[in-house]
Amino acid sequence: MKHLMMAGSILLAAAPGEAIPTMADVPDLAKAAVARRIDVPASAIHILSARPSERMPGFVVCGRVEDSTGNEGDDTGGGQRFFVVIPGDFAILDQDGKALVDTYWSANHCG
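Each residue of the sequence shown is one higher than the last, beginning at 90 in the working numbering.
Structure representation (structure tokens):
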């Protein structure tokens with residue numbers, strides 16, 4: 090629950106006065122948030138689900154990043170998972186803690 094509250098506080102810190110993103114904006118915004126965290130081309134970032142959040146205003150996005158061999162990853166290795174909150178560009182990845190990503194994925198019905 091602490092992690093979800095942290096996401097909410099980051100969401101509230103989104104730049105005031107910016108246009109509210111639409112569902113059409115979400116994939117590009119999520120890819121940009123992930124690309125800011127790790128040095129990968131947008132083509133390596135794969136959105137698995139994007140939808141309006143059930144818990145807060147905005148959208149939630151789940152996906153995977155290909156590793157250097159082009160593997161999107163799965164439970165046996167490969168790339169890493171991510172979770173993004175839009176607006177706010179809050180992105181967490183497996184490198185931040187697999188249990189943390191597990192929590193967000195589970196709470197938002199990602200996998």
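From the three backbone atoms N, C-alpha and C, an ideal C-beta is built for every residue, glycine too.
Do residue j and residue i come within 8 Å of each other at the CB atom, strictly closer than that value?
i, j, result
"ALA119", "VAL173", "yes"
"ARG153", "GLY168", "yes"
"VAL123", "ILE109", "no"
"TRP194", "GLY200", "yes"
Determine the extent of the beta strand (DSSP E) in which residue i is found, giving its start and end residues.
i, result
"VAL154", "148-154"
"SER138", "134-141"
"ALA180", "179-182"
"ARG170", "170-175"
Residue i lies in the alpha helix (DSSP H); which residues open and close that run?
i, result
"VAL190", "187-196"
"VAL129", "Taken as a continuous stretch (DSSP letters only), VAL129 belongs to no alpha helix (DSSP H), as it is neither H nor E."
Between residue i and residue j, which are expected to be in contact by the criterion C-beta below 8 Å, what is the C-beta distance as a whole number of angstroms?
i, j, result
"SER171", "LEU189", "Sequence inspection shows Phe at residue 171; the Ser mentioned does not correspond to that position. Actually they do not touch by this definition, with Cβ atoms about 11 Å apart."
"ILE175", "VAL129", "With a Cβ gap of about 19 Å, ILE175 and VAL129 do not count as contacting."
"ALA196", "ARG126", "No, ALA196 and ARG126 are not in contact; Cβ-Cβ is about 20 Å, not under 8 Å."
"CYS151", "SER132", "Rounded, the Cβ-Cβ distance is 18 Å, inconsistent with contact."
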